[in-house]
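These protein sequences, in sequence, are chains F and X.
Each residue of the first sequence is one higher than the one before, starting from -16 at the first, in the numbering used here.
Each residue of the second sequence is one higher than the one before, starting from -16 at the first, in the numbering used here.
In this text, a Cβ means the ideal position worked out from N, Cα and C, and glycines have one as well.
Small disclaimer: the values here were computed from a predicted structure and weren't measured.
Number of protein chains: 2
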Amino acid sequence: MSLGDAFHVFDTTLRDGAQREGISYSVSDKLAVARLLDEVGVGFIEGGWPGALPKDTEFFARARSELTLRHARLVAFGSTRRAGVRVAADPQVLALRDAGTSVVCLVAKSDVRHVERALRTTPEENLAMVSDTVAFLVGEGRRVFLDCEHFFDGYAGDREYGVRVLSAAFHAGADVGVLCDTNGGMLPMGLGRVVAEVASRTGFRLGIHCQDDSGCAVANTFAAVEAGVTHVQGTANGYGERAGNADTFAVIAGLETKLGLSVVPPECLVELVRVSHAIAELANIAPDTHQPYVGSSAFAHKAGLHASAIKVSPDLYNHLDPAVVGNDMRILVTEMAGRASVELKGRELGIDLSERPDAVGRVVSQVKELEAAGWSFEAADASFELLLRAELDGAPAAVFTLESYRVLVEHWGNGAVISEATVKLYVDGERIIATGEGNGPVNALDQALRTALTRRYPALESMELADYKVRILEGRAGTGAVTRVLIDTTDGPSTWTTVGVHENVIEASWHALVDALTYGLRHPRADDHDVSGTLVPHQHQ
Amino acid sequence: MSLGDAFHVFDTTLRDGAQREGISYSVSDKLAVARLLDEVGVGFIEGGWPGALPKDTEFFARARSELTLRHARLVAFGSTRRAGVRVAADPQVLALRDAGTSVVCLVAKSDVRHVERALRTTPEENLAMVSDTVAFLVGEGRRVFLDCEHFFDGYAGDREYGVRVLSAAFHAGADVGVLCDTNGGMLPMGLGRVVAEVASRTGFRLGIHCQDDSGCAVANTFAAVEAGVTHVQGTANGYGERAGNADTFAVIAGLETKLGLSVVPPECLVELVRVSHAIAELANIAPDTHQPYVGSSAFAHKAGLHASAIKVSPDLYNHLDPAVVGNDMRILVTEMAGRASVELKGRELGIDLSERPDAVGRVVSQVKELEAAGWSFEAADASFELLLRAELDGAPAAVFTLESYRVLVEHWGNGAVISEATVKLYVDGERIIATGEGNGPVNALDQALRTALTRRYPALESMELADYKVRILEGRAGTGAVTRVLIDTTDGPSTWTTVGVHENVIEASWHALVDALTYGLRHPRADDHDVSGTLVPHQHQ
Chain F
-16 MSLGDAFHVF DTTLRDGAQR EGISYSVSDK LAVARLLDEV GVGFIEGGWP GALPKDTEFF
44 ARARSELTLR HARLVAFGST RRAGVRVAAD PQVLALRDAG TSVVCLVAKS DVRHVERALR
104 TTPEENLAMV SDTVAFLVGE GRRVFLDCEH FFDGYAGDRE YGVRVLSAAF HAGADVGVLC
164 DTNGGMLPMG LGRVVAEVAS RTGFRLGIHC QDDSGCAVAN TFAAVEAGVT HVQGTANGYG
224 ERAGNADTFA VIAGLETKLG LSVVPPECLV ELVRVSHAIA ELANIAPDTH QPYVGSSAFA
284 HKAGLHASAI KVSPDLYNHL DPAVVGNDMR ILVTEMAGRA SVELKGRELG IDLSERPDAV
344 GRVVSQVKEL EAAGWSFEAA DASFELLLRA ELDGAPAAVF TLESYRVLVE HWGNGAVISE
404 ATVKLYVDGE RIIATGEGNG PVNALDQALR TALTRRYPAL ESMELADYKV RILEGRAGTG
464 AVTRVLIDTT DGPSTWTTVG VHENVIEASW HALVDALTYG LRHPRADDHD VSGTLVPHQH
524 Q
Chain X
-16 MSLGDAFHVF DTTLRDGAQR EGISYSVSDK LAVARLLDEV GVGFIEGGWP GALPKDTEFF
44 ARARSELTLR HARLVAFGST RRAGVRVAAD PQVLALRDAG TSVVCLVAKS DVRHVERALR
104 TTPEENLAMV SDTVAFLVGE GRRVFLDCEH FFDGYAGDRE YGVRVLSAAF HAGADVGVLC
164 DTNGGMLPMG LGRVVAEVAS RTGFRLGIHC QDDSGCAVAN TFAAVEAGVT HVQGTANGYG
224 ERAGNADTFA VIAGLETKLG LSVVPPECLV ELVRVSHAIA ELANIAPDTH QPYVGSSAFA
284 HKAGLHASAI KVSPDLYNHL DPAVVGNDMR ILVTEMAGRA SVELKGRELG IDLSERPDAV
344 GRVVSQVKEL EAAGWSFEAA DASFELLLRA ELDGAPAAVF TLESYRVLVE HWGNGAVISE
404 ATVKLYVDGE RIIATGEGNG PVNALDQALR TALTRRYPAL ESMELADYKV RILEGRAGTG
464 AVTRVLIDTT DGPSTWTTVG VHENVIEASW HALVDALTYG LRHPRADDHD VSGTLVPHQH
524 Q
């Protein structure tokens, strides 16, 4: 379903957002990101700068055959013709045309100081560059948006020049003039006043593009909307240069749920969390757990003060029903939370603790002690459930008893690097020795453990490590540094997370591995869910 | 220097901010955080909730003898007396008094739904609880601020009750009524309107406390200031429950540099970056590299487009001189940046590349290739400098030639975990075999390498590993996962960062270790800076 042209959500994750420190997309990544942005219902996806970056030229070429979008139109980005060059002879302008998108977004200088000091041309020539390039592309049948770079900084010194740039573009046929806070220093009230003034002086259709250098990019975008813009630019998760851009997801969620606008198709809002996390994967950036709306902590409650009241009225403690954006409310297990949180967490896991105050007390003190040593159960639901079960019912039958393990990494004279692990275990009284190799020490240990156990526990074959995270926790107050390892394991339908902590990364990994296999083997399988199972593996969101 | 009482910067890192998922301060940590907040010039430091949390009771007790603050006053937080209890008989109120601070911040329900559904008392009793508790503490000689919890949500449904809570507090002697957006769902324009209305209806001194659930906490704080509040609450780096709180540092920087207010002593602004990073260390949270003002990327420029123009006029591309808040402008080495960035980076390192276009071209293509394989030179200046030097002058003389290494981790039957590494090297033609032990495999490898080299290179004794970071880079598009290791090494005056990437964490660590020692040994020492040294180790900020 299309929302028509009344309001534009314009995403520039693949162009401006790709300038974030640490991001480097392959062309396939870019195609995958574009598909995800389409699923969240944005109207425009700026794909890159054909002609300037070879990867982007290839992206647009592949997009023509490989990319089918339901909601969004693809946009090519480029700059106005170079100074002193005929527009039809400027290879970058031709590359922009040849990208073959129906919409083009041009960037132009709109701060006269940038024209003179960075572009090194005259204010008049810059206006001609805008006018010529817009007219050329409109003549080629393209719809043209104009990004007015440094608009607000320019406007502060000279209220006329930026407006002349806008006029040049609109008289040449541009559709939207996007006011850019390129250096990101604006605050909402001041920005809103400028937008309202320019809107009333020109009557043009305006858009807004905000960087987050003052920490106000999302709010600045809302201020511009309240002042009359009908086109907002942002990037997935706010990725972008320096402090980043306005976060497209917070902008969509705010416009829809706070300002009551309809800016994406109604079925798309619930995709925000999934799309946000998937793009983080592709960008290879750990998702920001505290990101508004979509972070895994965005609706997580920790304080004991709140946890007890949440039992009564969850709606009083959330600014929004988390399900609206595809998120969940979570209760965190942590020393500050105390008994109420452990009980609520038990309920979330399907375990009724209301009759077992003794066990709750023991769990709280055990969690306290382990957290002081660096463990964290906030993300490791499976390890917490094993701990809880052990307190309630006694430990689940151990899968094996360890005698010893040994891990070896060698870098040989010929440059080869090998990893090998040997485990010695007792399984049901039988002593088993097994050796595994891997591309690293933990992988070798995992292989050795599986080799030792699979004959007795064939279900292990359906489980695999889905993710492995390492965090060095710095030593403080005289304690040494320790390593915390989180392992995600999946059997297809379910994914569970376990934790291990030790000063030695191998031993920390071992703890998390053993918990992962124990949880996987000692709990009802996903297809056993009707077997009076109190413990159903946690569905990964 | 004190700024007097005209404007309050009130920091609640140690109380509300401690509710962030993953944070758990020791009492010593809390004392250290308080000292740091004082260095940045905040007026009030809310230290915790004595009586409710034993750790906080201890904090206030130790603060009395151990904490000397130059700028800030310490504040104890607590709730109003319980319903149906005489105030002087409520142990939590007494604990609050006994914390011994000159200022107390009380929290009260100001949304009538919370009074009835969470507190389970009557609206009238809640007013009496506010009035009694404020009066009691004022009678004990304390200055009292009142946090009006859920003020904005309450006001949306009932414009009277929150104002009655404020009136009860002020008539009993409170000094400031803090309007709290506890669920964090407000946007600036709406919030500003409510603040202005309440200010004009009551004439009371108002404050603001914003959560970041809409991504607008900082902007909401500014909107409240423009609407008349003279007391702002925030937390260091925005730490807090769910999406966090308004970031005290962005609030201070914005008030000072954008709104032109004087809210901290003038010598304090330049401490923002240092204090932000130091508190992140204590909270044990990786600093947000993209955080406004204080992030290591906050003034970093990557795009080739900008990098060339920055040579001309750096001021045109920053919203603020980074030095004002103690930050630096950085140029990033990355494939998007191209030749201009490598040249600028060279200049930053004191290497003139303008006459060596051939070398620049080779460096750019090498960086491209390595970054595609997972290397990242953005943080690893020392590794980049070794690479650059190798292209310019040939590789620096190798410190040693590796024959092989072997790393062993064993978990024995008695539960002991040991790590041991052996290296076989040639140093100046001599074959050396050395073995080291450590608390983990990388530590053991570092020990073995030092043992092998120290006789020939005694300068190694002054160098030590300052930090070790591991990141798993997920495999995409058919490639396997690789591990990236960053190592910070220090010799006291200087710190440098090196990088290693490999599918095996031990081999990745080895690369970073070897670069770290090579850089340390092959560059002029800090006390040799007058020896025509083109390569002075990078000063750590």
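Do you know how far the Cα of residue j is from the Cα of residue i?
| i | j | result |
| --- | --- | --- |
| F:R454 | F:K328 | 25 Å |
| X:E318 | F:L353 | Its pLDDT being 47, under 50, X:E318 is placed unreliably by the model, and nothing is read from it. |
| X:L52 | F:G30 | 53 Å |
| F:A261 | F:L19 | 8 Å |
| X:G278 | F:Q2 | 16 Å |
| F:H284 | X:R225 | 7 Å |
| F:D297 | X:N166 | According to the sequence shown, residue 297 of chain F is Pro rather than Asp. Computed Cα separation, rounded: 12 Å. |
| X:V258 | F:G198 | 18 Å |
| X:Y440 | X:E420 | 20 Å |
| F:N109 | F:A152 | 11 Å |
Name the residue from the options whose alpha carbon lies nearest to the alpha carbon of residue i.
| i | options | result |
| --- | --- | --- |
| X:L57 | X:K13, X:A72, X:V68 | X:K13 |
| F:I489 | F:K452, F:L504, F:G503, F:T478 | F:K452 |
| X:T481 | X:G475, X:A491, X:N487 | X:A491 |
| F:G211 | F:Y222, F:V465, F:F(-10) | F:F(-10) |
| X:N310 | X:P275, X:A356, X:V256 | X:V256 |
| F:V10 | F:T434, F:G377, F:L(-3) | F:L(-3) |
| F:V117 | F:D341, F:E326, F:L149 | F:L149 |
| X:F282 | F:D195, F:R125, F:V178 | F:D195 |
| F:V343 | F:E374, F:D364, F:D115 | F:E374 |
Does at least one heavy atom of the ligand MN sit under 7 Å from the Cβ of residue i?
| i | result |
| --- | --- |
| F:A399 | With respect to small molecules bound, the structure shown includes none, and the ligand MN cannot be examined in it. |
Are the C-beta of residue i and some C-beta of chain F separated by less than 8 Å?
| i | result |
| --- | --- |
| X:Q430 | no |
| X:I489 | yes |
| X:W358 | no |
| X:L391 | yes |
| X:V201 | yes |
| X:K13 | no |
| X:L327 | no |
| X:I262 | no |
| X:A226 | yes |
| X:V307 | no |
| X:R322 | no |
| X:D195 | yes |
Please go through the same chain and pick out, in chain order, the residues whose beta-carbon is closer than 6 Å to the beta-carbon of residue i, but skip the five residues on each side of it.
| i | result |
| --- | --- |
| F:V159 | F128, R188, G190, H214 |
Of all the CB atoms in chain X, is at least one closer than 8 Å to the CB of residue i?
| i | result |
| --- | --- |
| F:Q274 | yes |
| F:E180 | no |
| F:R459 | Per-residue confidence for F:R459 stands at a pLDDT of 42, beneath the threshold of 50, marking its modelled position as unreliable; the derived number appears in the next sentence. Interface residue, yes. |
| F:K241 | yes |
| F:A72 | no |
| F:A281 | yes |
Can you look up residue i in the DSSP assignment and give me helix, strand or coil?
| i | result |
| --- | --- |
| F:N426 | helix |
| F:D(-12) | coil |
| X:H192 | strand |
| X:N203 | helix |
| X:V121 | helix |
| F:R454 | strand |
| F:K241 | coil |
| F:T(-4) | coil |
| F:E338 | coil |
Who are the Cβ neighbours of residue i in its own chain at under 7 Å, not counting the five residues just before and after it?
| i | result |
| --- | --- |
| X:L371 | G329, I334, V346 |
| X:C131 | A91, S93, G145, V148, L149, G160, V161, L162, C163 |
| F:N301 | F282, M312 |
Within 8 Å of any Cβ in chain B, is that where the Cβ of residue i sits?
| i | result |
| --- | --- |
| X:Y144 | As a matter of chain content, chain B is missing from the structure shown, whose protein chains are F and X. |
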